[in-house]
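A quick write-up on the structure given underneath.
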Amino acid sequence: MEGKVALVTGAASGLGLATAKAFAQAGAAVALADWDEQAVKAAADQLAAEGYQTLAIKCDVSDDKQVEEMVSKTVQAFGRLDYAYNNAGVQNELAEAADQTLADFEHVNSINYQGIWSCMKYELQHMRKQESGAIVNCSSIGGIRAGAQRGVYHGAKHGVIGLTISAAVEYANRGIRINSVSPGLFQTAMSDKMIAAGQKEALDAILQAVPIGRLGRAEEIASTVLFLCSDAASMVVGHNLVVDGGLTI
Ligand SMILES: NC(=O)c1ccc[n+]([C@@H]2O[C@H](COP(=O)([O-])OP(=O)(O)OC[C@H]3O[C@@H](n4cnc5c(N)ncnc54)[C@H](O)[C@@H]3O)[C@@H](O)[C@H]2O)c1
20 MEGKVALVTG
30 AASGLGLATA
40 KAFAQAGAAV
50 ALADWDEQAV
60 KAAADQLAAE
70 GYQTLAIKCD
80 VSDDKQVEEM
90 VSKTVQAFGR
100 LDYAYNNAGV
110 QNELAEAADQ
120 TLADFEHVNS
130 INYQGIWSCM
140 KYELQHMRKQ
150 ESGAIVNCSS
160 IGGIRAGAQR
170 GVYHGAKHGV
180 IGLTISAAVE
190 YANRGIRINS
200 VSPGLFQTAM
210 SDKMIAAGQK
220 EALDAILQAV
230 PIGRLGRAEE
240 IASTVLFLCS
250 DAASMVVGHN
260 LVVDGGLTI
């Protein structure tokens, strides 16, 4: 990926940070975007100290204007945009359907669903000029399965796959491939928060059903995203790659 430019949202921690690192290690210049300005700057500075080319961008992906600026800043700094991993996401407040609040619905959807839509829109405006590029959107196993008390999150993640495959058919013959990744259970701040919120038992129960018998490591999503962006995946279009240790089979 020497000479290429990658953009990662939600890059201050977890799956996003691991993927930003992997892009850098593969030779790409990397724009790391996150709404946590301090954390994303620290992450970009750390990678820069290791000799990689990075740019930190404060961006709330639920704000369409900020997303437009995020993509512009990336292109201004590095001259092009080859790869994007649209990863930023949040969990919903656990509640059965009758008790879910409009505020939580709007919060989760503005980030997990509308955020992906905004990111793709502005990334594609550059990629279609270049007639090249690869985008990976972050869905979840929640995007292909039911989840009691998680309907708000699962609905948004199902939507991510719809946005992905629809854009994929539009741009496949213009040199741009768009795919999604569906992580299973990964060890990140998000899973740590579940444990802190008293959901450790629920997590353990789910882990018992995972054939591989463990949480995923963030690097295992990073390597999947890099594969999907790389020329090794040149015929892979509109695919939702499930990375879950066998959980959903
Ligand atoms: N960890 C898992 O087990 C798991 C499983 C399936 C899917 N996912 C998905 O993977 C993605 C990354 O999750 P993670 O586990 O690394 O979580 P994480 O909480 O460790 O990281 C998410 C990052 O996104 C940032 N972020 C949140 N809202 C944002 C916004 N509006 N604008 C910009 N940045 C924002 C956060 O600041 C954080 O740095 C999410 O989309 C999540 O739904 C995670």
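Just so you know, we're using the working numbering here: the sequence shown kicks off at 20 and counts up by one. Think of the CB as a built atom: it goes at the ideal place given N, C-alpha and C, for glycine as much as any other residue. Please read these numbers as outputs of a predicted model, since none were measured by experiment.
Excluding five sequence neighbours on each side, which residues of the same chain lie with their C-beta closer than 8 Å to the C-beta of residue i?
{"i": "residue 262", "result": "200, 201, 202, 203, 235, 239, 240 and 243"}
Can you name, in chain order, every residue of its own chain whose Cβ lies under 7 Å from the Cβ of residue i, other than the five neighbours on each side?
{"i": "residue 225", "result": "204"}
{"i": "residue 29", "result": "35, 53, 106, 107 and 108"}
{"i": "residue 246", "result": "252"}
{"i": "residue 265", "result": "229, 230 and 231"}
{"i": "residue 127", "result": "109, 111, 171, 172 and 175"}
{"i": "residue 191", "result": "256"}
{"i": "residue 188", "result": "257"}
Can you look up residue i in the DSSP assignment and give me helix, strand or coil?
{"i": "residue 100", "result": "coil"}
{"i": "residue 81", "result": "coil"}
{"i": "residue 262", "result": "strand"}
{"i": "residue 154", "result": "strand"}
{"i": "residue 232", "result": "coil"}
{"i": "residue 130", "result": "helix"}
{"i": "residue 147", "result": "helix"}
{"i": "residue 247", "result": "helix"}
{"i": "residue 93", "result": "helix"}
{"i": "residue 185", "result": "helix"}
{"i": "residue 166", "result": "coil"}
{"i": "residue 113", "result": "coil"}
{"i": "residue 268", "result": "coil"}
{"i": "residue 255", "result": "coil"}
To which residues of the same chain is residue i closer than 6 Å at the C-beta, ignoring the five residues directly before and after it?
{"i": "residue 77", "result": "56"}
{"i": "residue 151", "result": "194"}
{"i": "residue 132", "result": "175 and 178"}
{"i": "residue 112", "result": "123"}
{"i": "residue 115", "result": "168"}
{"i": "residue 21", "result": "46"}
{"i": "residue 75", "result": "51, 59, 60 and 63"}
{"i": "residue 39", "result": "27, 30, 49 and 51"}
Going by DSSP, what residues sit across from residue i in a beta bridge?
{"i": "residue 278", "result": "Since the displayed the chain opens at 20 and closes at 268, residue 278 lies outside it and no answer follows."}
{"i": "residue 75", "result": "51"}
{"i": "residue 200", "result": "157 and 260"}
{"i": "residue 240", "result": "According to DSSP, residue 240 bridges with nothing at all."}
{"i": "residue 195", "result": "152"}
{"i": "residue 105", "result": "156"}
Exercise for the section: Check whether the segment 137–149 touches the segment 110–127, counting contact only when three or more Cβ pairs, one atom from each stretch, lie closer than 8 Å. Expected result: The segment 137–149 vs the segment 110–127: no contact.
Exercise for the section: Only counting runs of 3 or more residues, tell me where the beta strand (DSSP E) segments fall wholly within the segment 20–69, in order along the chain. Expected result: Qualifying beta strand (DSSP E) stretches, in chain order: 24–28 and 48–53.
Practice task
Report the residue ranges of all beta strand (DSSP E) runs contained in full by the segment 203–228; include only those spanning at least 3 residues, in chain order.
Solution key: Unbroken beta strand (DSSP E) runs of no fewer than 3 residues, entirely contained in the segment 203–228, are not found.
Exercise for the section: Evaluate the contact criterion for the segment 161–176 versus the segment 205–222: three or more CB pairs, one atom per stretch, below 8 Å. Expected result: No contact exists between the segment 161–176 and the segment 205–222.
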